[in-house]
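Quick notes on the structure that follows.
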Amino acid sequence: MLELSMHVLDALQNSVDAGATRIELRIEEDPVADRLTITVKDNGRGMAPELRARVLDPFVTTRRTRRVGLGLPLLAAAARQCEGDLTIESAPNRGTRLEAAFRASHIDRAPLGDMPATVLAILMAPRVVDVDYTHRIGEREYHFDSAEVRKELDGAPITDPSVMRWLNETLRDGEAELEGESEKGKPRT
Amino acid sequence: MANKIKSIEELRKLRDQLKQGTAVREATSTRIIVGMGTCGIAAGAREVMQAILKELADRRIAANVETTSCIGMCAQEPLVDIAQAGKGRVTYGNIKPDAVPRLIDEHLVKGHIVDEWVIARLLPEGIV
């Protein structure tokens, strides 16, 4: 994957496939500790220990098993090559929590990339799934919760292209403001 | 902060337009389905979806855009299906963002299939 945000989208799609209705997504960039941490927590059906043990192995996958495939092994490989790791906590009916950590300045770390496009893509799932997204850089934070937008829309479709355009601009403005402000502080590597 | 308030007002305006149906939103049976499995994402499906949304918004074309998981034709990703009531479902393969304007124009606006990009068809009767 060219961008970490593509791995994130892939992980979020797993949550959708697991029947999640709400996904918490957190990107945390800590310039002091030189860490970048991605956390995805969903309220989907979760995984039994047997499946949980297999999801990182691409070679025991059967195509029919939707929850498993190349996605998580790719994310795990991306994290491990950057002095990081992928941890997965899951239990049936208790949802799943993924945490991928990277050394932020590692030469092999892919750029975070287009997070707004990733968040929007999840809202296009064929059923209602909300994303509670937080992006933190040092002490600064940007927060977006699609459930709040849905409430404001009061039944009007969030997937309408005109609303999607608004969402795109809103998320891009939020990210730009966060990046802009963080540059005033400690330089990022 | 002022920006945020202005932004929410814009959203409310969109909501009111959508509810009144003034934004050319008659009920549509057109579905555009973008494959968003690992294979699709790696091939650029997210950018294709963005291009589709932009084109629909620019041209005020009513269609329901949605994502789907891997359907097993990974080598042909990004995959875009267009399904219309009475016209069946057409699967287009290897669709890049720059192909989207032509795809929307020909298939949705002019109503003819772009044969050279088709990889599968489902006839209206449901015959594969």
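Going down the list, the protein sequences come from chains A and B.
Counted from 1, the first sequence has number 1480 at position 29 by this note's numbering; the numbering is strictly sequential.
Counted from 1, the second sequence has number 673 at position 85 by this note's numbering; the numbering is strictly sequential.
Where is the CB? At the ideal position from N, CA and C, for every residue including glycine.
Predicted, not measured: the structure shown is a model, and the values here were computed from it.
- Leu1463 (chain A) sits in a helix when the DSSP states are folded into three classes.
- For Ile670 (chain B), the enclosing beta strand (DSSP E) starts and ends at Val668 to Gln672.
- Among the residues facing chain B, Gln1532 (chain A) is not included, as its CB has no counterpart in that chain under 8 Å away.
- Between Ile1489 (chain A) and Ile1474 (chain A), the C-beta spacing is not below 8 Å.
- The CB of Leu710 (chain B) never comes closer than 7 Å to any CB in chain A; the least such distance is about 17 Å.
- Per DSSP, Gly628 (chain B) is one residue of the alpha helix (DSSP H) stretching across Thr626 to Ala631.
- Taken atom to atom, the span from the alpha-carbon of Thr616 (chain B) to that of Ala645 (chain B) is near 15 Å.
- Comparing alpha carbon positions, the residue from A:Gly1589, A:Pro1577, A:Ala1542 and A:Thr1569 closest to Asp1583 (chain A) is A:Thr1569.
- DSSP, read as helix, strand or coil, puts Thr1488 (chain A) in strand.
- In this structure, Leu711 (chain B) sits near Gly676 (chain B), with a CB-CB distance shorter than 8 Å.
- Shown here for Gly681 (chain B): same chain residues with a beta carbon closer than 6 Å to its own, the five before and five after excluded, namely Gln664, Leu667 and Ile707 in chain order.
- Around the beta-carbon of Lys1492 (chain A), 16 or more other beta-carbon atoms lie within 10 Å, marking it buried.
- In terms of beta-carbon proximity, Leu641 (chain B) lines the interface with chain A, with at least one pair separated by less than 8 Å.
- In this structure the stretch 1561-1577 of chain A lies against the stretch 623-643 of chain B, because at least three pairs of beta carbons, one per stretch, are closer than 8 Å.
- Contact check between the stretch 1457-1469 of chain A and the stretch 616-633 of chain B: three or more CB pairs, one atom from each, fall below 8 Å, which counts as touching.
- At least one beta carbon of chain B lies nearer than 8 Å to the beta carbon of Leu1604 (chain A).
- Within its own chain, the residues whose Cβ lies closer than 8 Å to the Cβ of Met637 (chain B), once the five positions on either side in sequence are excluded, are Val622, Met624, Val653 and Thr655, listed in chain order.
- At least one CB atom of chain A sits nearer than 8 Å to the CB of Leu644 (chain B).
- Exclusion of the five residues before and after Ala633 (chain B) leaves Val622, Gly623, Met624, Glu665 and Pro666 as the residues of its chain whose Cβ lies within less than 7 Å of its Cβ.
- Taking the beta carbon of Thr679 (chain B) as reference, no residue of chain A falls within 7 Å; the closest one sits roughly 16 Å away.
- Burial check for Val697 (chain B): the Cβ neighbour count within 10 Å stays below 16, so the residue is exposed.
- Just so you know, the alpha carbons of Leu1571 (chain A) and Ile596 (chain B) end up roughly 17 Å apart.
- A Cβ of chain B is located within less than 8 Å of the beta carbon of Gly1522 (chain A).
- Listed along chain A are Ala1568, each with a C-beta nearer than 7 Å to that of Gln638 (chain B).
- Under the three-state reduction of DSSP, Glu1479 (chain A) is assigned to strand.
- Here the alpha carbon of Arg1587 (chain A) sits roughly 15 Å from the alpha carbon of Asp1565 (chain A).
- At a cut-off of 8 Å between beta-carbon atoms, Gly623 (chain B) makes no contact with chain A.
- Under the Cβ distance rule, Thr616 (chain B) does not count among the residues neighbouring chain A, no pair being separated by less than 8 Å.
- Between the alpha carbons of Arg1496 (chain A) and Pro1543 (chain A) lies a gap of roughly 6 Å.
- Glu1540 (chain A): member of the beta strand (DSSP E) spanning Asp1536 to Ser1541, first to last residue.
- Beta-carbon to beta-carbon, Ser1556 (chain A) and Asp1485 (chain A) are separated by about 5 Å, close enough to satisfy the 8 Å threshold.
- Here His695 (chain B) is buried. Its C-beta has 16 or more other C-beta atoms within 10 Å.
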